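Sequential numbering from 17 applies to the sequence shown in our numbering.
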Amino acid sequence: MNENNNKKTAKQHVEDVYSKLVESKACLREALNSAEQHRNKEQIENNLASVNDAINSVNNTLNNYQD
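Spelled out as structure tokens, the structure:
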């Protein structure tokens, strides 16, 4: 039996990252909705923008992934 049968492929790891980023985006939106102070909202919005950039980057990697 090949030892790699139970291990994830590189693409599967990237897919995991994509899923976690999407979950993070949802959590940040919830945080944004519940934040009361303007400065906190600004910081959360900045984080949300960074996560969106990361989602786009990882999505691009998946779309161009060569099996």
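Ideal Cβ placement from N, Cα and C applies to all residues, glycine included. Since the model is a prediction, treat every value here as computed from it, not as a measurement.
A51 sits in coil when the DSSP states are folded into three classes, being neither helix nor strand. Only buried fits L37, as 16 or more other CB atoms lie within 10 angstroms of its CB. When the beta-carbon positions are compared, Y81 and V30 come within less than 9 Å of each other.
Annotated three-state conformation of D83 is coil, per DSSP. Straight across, the Cα-Cα distance linking Q59 with R45 is about 12 Å.
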